[in-house]
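K.L.:
In our numbering, the protein residues as written are 10 to 342. Each residue gets a CB set at the ideal place from its N, CA and C atoms; glycine is no exception. Treat the numbers as computed from the prediction; the structure is a model and nothing was measured.
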Ligand SMILES: C[S@@+](CC[C@H](N)C(=O)[O-])C[C@H]1O[C@@H](n2cnc3c(N)ncnc32)[C@H](O)[C@@H]1O
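Listed below in C-alpha cells is the structure:
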C-alpha cells in the first residue's frame, strides 16, 4: 500500500475529495487538512503518479512525516536533488518565515545534497516538504513534467501591473505560462466576458489585438492602450448569445471565455462561433469554467467532452493559482 498527496488551494479540499471519489476509485481518502489531502492506494506509488484531480496543484508519492532536518534527509531519496519546501496554508501567519527556516535547515543539514534554486527541470525528482506551524513536516516526491508548474506549491509567478483592472490579468498570464501557449504580437484574440479588461490588457501589452464581448463596461485605460505593433482592444457591447460572428474578425488566433455562466451554457454558446474560426487555424482556447456547485464540478468530464466535440483534440484542465471556484481549460486543435 502507498500514499498519494495532493496540495490544493486551502478551501478546495472538498472539491479534491469529491472529484477523486467520483473519478479515481483506486484512491481512498486517508487524511485531509486545509491545503493538503492524502489518499491510500494499493501497491507502490510511482513518482510520476497521474494527477489525482485538476484541483491538485502539486501531487506525488507521500513518504510520511518527519520532525527534524536529519530525519527528513534520511527519508528523502538521494535522487531528489530539487528541494521544494511549501506551506500547507500559505496565507497562515508565519508560513513564509517557516518555509524559509525549514529550507535553510535542510540545505545546511547536507551542503551538497540539493541543487541551487527551486525551479524544477523536466524529468527531475522533486522533494516536497510540506510545513505548517506546530506540525511535523509531511514529505513527498514528484517527478517534474508536462502539466506541472516547476515552482514550489504549483506557483506561477506573474507580475501584475498596478493599473491592471482585474485579477484576470494574472489568470491569463498563468494559463499562458502553464500551457506554454505561443501567444505573440500580431495575433488576434476574441474574449467572451472581457469586462473590465484584465486579460485583454495582458494580451494587448503582448501586442495581441483583442475583441472583447461583454455587456459590461471595459476600463477606459484598457480601451485607450496601444500595444506593440499598434495592437488595440475593441469592445462589442453584446452577450455570448447576441453576438454574431459577422461582428468579429474572420481569422482569430485565440479564444478566451470568462463569463459568469454555467459551463454547459457557455460551451453551448461557443458551438455557434468556433467552427468558422477552426477552419482559419484557431490556435487554441482558454476557458474559465465556473464551478460554483457540486453539480457543475461533477459534470467536469462531460464539459471537457463537449469542449473536445467543438473540434479540440487536446484539452487540459487545471486550477491556476489565481482561480478560485473555477477551473482553467486550455483546448488546442
Ligand atoms: C469574471 S468577469 C470577466 C473578467 C474579464 N475576463 C477580465 O479580464 O477582466 C465575468 C464577465 O462576464 C460577463 N458576462 C456575464 N454574462 C455574459 C454573457 N452572457 N455574455 C458575455 N459576457 C457575459 C460579465 O458582464 C462580466 O464582465
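In angstroms with no decimal places, state the Cα-to-Cα distance between residue 231 and residue 210.
P.N.:
6 Å
K.L.:
Helix, strand or coil for residue 153 per DSSP?
P.N.:
coil
K.L.:
If you draw a straight line from the alpha carbon of residue 241 to that of residue 157, how long is it in whole angstroms?
P.N.:
When the Cα atoms are used, residue 241 and residue 157 turn out to be separated by approximately 32 Å.
K.L.:
Measure the Cβ-Cβ separation of residue 123 and residue 90 and say whether it is below 9 Å.
P.N.:
Annotated as proximal: residue 123 and residue 90, with beta-carbon spacing under 9 Å.
K.L.:
Less than 9 Å between the C-beta atoms of residue 266 and residue 163, yes or no?
P.N.:
no
K.L.:
Within the continuous alpha helix (DSSP H) that includes residue 218, where are the two ends?
P.N.:
Premise fails: residue 218 lies in the beta strand (DSSP E), 218-222, not in any alpha helix (DSSP H).
K.L.:
Just reading off the beta strand (DSSP E) that residue 212 is part of, what are its end residues?
P.N.:
From DSSP, residue 212 is part of no beta strand (DSSP E) but of the alpha helix (DSSP H) over 207-214.
K.L.:
Using only the heavy atoms of ligand 1, determine whether one of them is closer than 8 Å to the beta carbon of residue 247.
P.N.:
yes
K.L.:
Which full runs of the alpha helix (DSSP H) of 4+ residues lie inside the region 103-147, going along the chain?
P.N.:
104-118
K.L.:
First and last residue of the beta strand (DSSP E) that includes residue 248?
P.N.:
Counting along the chain, residue 248 falls outside any beta strand (DSSP E), and DSSP gives it neither H nor E.
K.L.:
Rounded to whole angstroms, what's the CA-CA distance from residue 330 to residue 291? Just pull it up for me.
P.N.:
26 Å
K.L.:
What first and last residue would you give for the beta strand (DSSP E) that runs through residue 96?
P.N.:
91-96
K.L.:
With a cut-off of 8 Å on the beta carbons, I'd call residue 220 and residue 246 a contact; round off their distance for me.
P.N.:
Not really, about 12 Å apart at Cβ, beyond 8 Å.
K.L.:
Thinking C-alpha only, which one of 71, 182, 229 is nearest residue 151?
P.N.:
Nearest option by C-alpha distance: 71.
K.L.:
Assuming residue 165 contacts residue 193 (C-beta within less than 8 Å), just tell me the rounded distance between them.
P.N.:
Residue 165 to residue 193, Cβ: 19 Å. No contact.
K.L.:
On the DSSP letters alone, give me the boundaries of the alpha helix (DSSP H) that residue 160 sits inside.
P.N.:
Note, residue 160: premise wrong, no alpha helix (DSSP H); not H, not E.
K.L.:
Any idea if residue 100 is buried or exposed, counting beta-carbon neighbours within 10 angstroms, 16 or more meaning buried?
P.N.:
exposed
K.L.:
Report the three-state DSSP secondary structure of residue 177 (helix, strand or coil).
P.N.:
helix
K.L.:
What do you get for residue 256, buried or exposed, if any count of 16 or more other CB atoms within 10 angstroms of its CB means buried?
P.N.:
It is exposed - the Cβ of residue 256 has fewer than 16 other Cβ atoms within 10 Å.
K.L.:
Of the choices 289, 295, 309, 42, whose alpha-carbon is the least far from that of residue 381?
P.N.:
What is shown of the chain runs 10 to 342, which leaves residue 381 out entirely.
K.L.:
Within 10 angstroms of the Cβ of residue 159, are there 16 or more other Cβ atoms? Answer buried if so, exposed if not.
P.N.:
buried
K.L.:
In chain order, what residues of the same chain lie with their CB nearer than 6 Å to the CB of residue 325, ignoring the 5 residues before and after it?
P.N.:
339
K.L.:
For a test of your reading of the model: does the CB of residue 200 fall under 8 Å from any non-hydrogen atom of ligand 1? Yes or no.
P.N.:
Proximity of the beta carbon of residue 200 to ligand 1 is indicated: a heavy atom of the ligand is located closer than 8 Å.
K.L.:
Residue 327: which of 11, 12, 18, 13 sits nearest, CA to CA?
P.N.:
18
K.L.:
Looking only at C-alpha atoms, which of 206, 235, 224 sits nearest to residue 5?
P.N.:
Nothing about residue 5 can be read from this structure; the chain reaches only from 10 to 342.
K.L.:
Since residue 45 contacts residue 14 with CB under 8 Å, what's their CB separation in whole angstroms?
P.N.:
Indeed, because the Cβ distance is near 7 Å, the residues count as touching under 8 Å.
K.L.:
Can you give me the start and stop residues for the beta strand (DSSP E) that residue 100 sits inside?
P.N.:
Unbroken run through residue 100: none, as it is neither H nor E.
K.L.:
What's the C-alpha gap between residue 109 and residue 273?
P.N.:
44 Å
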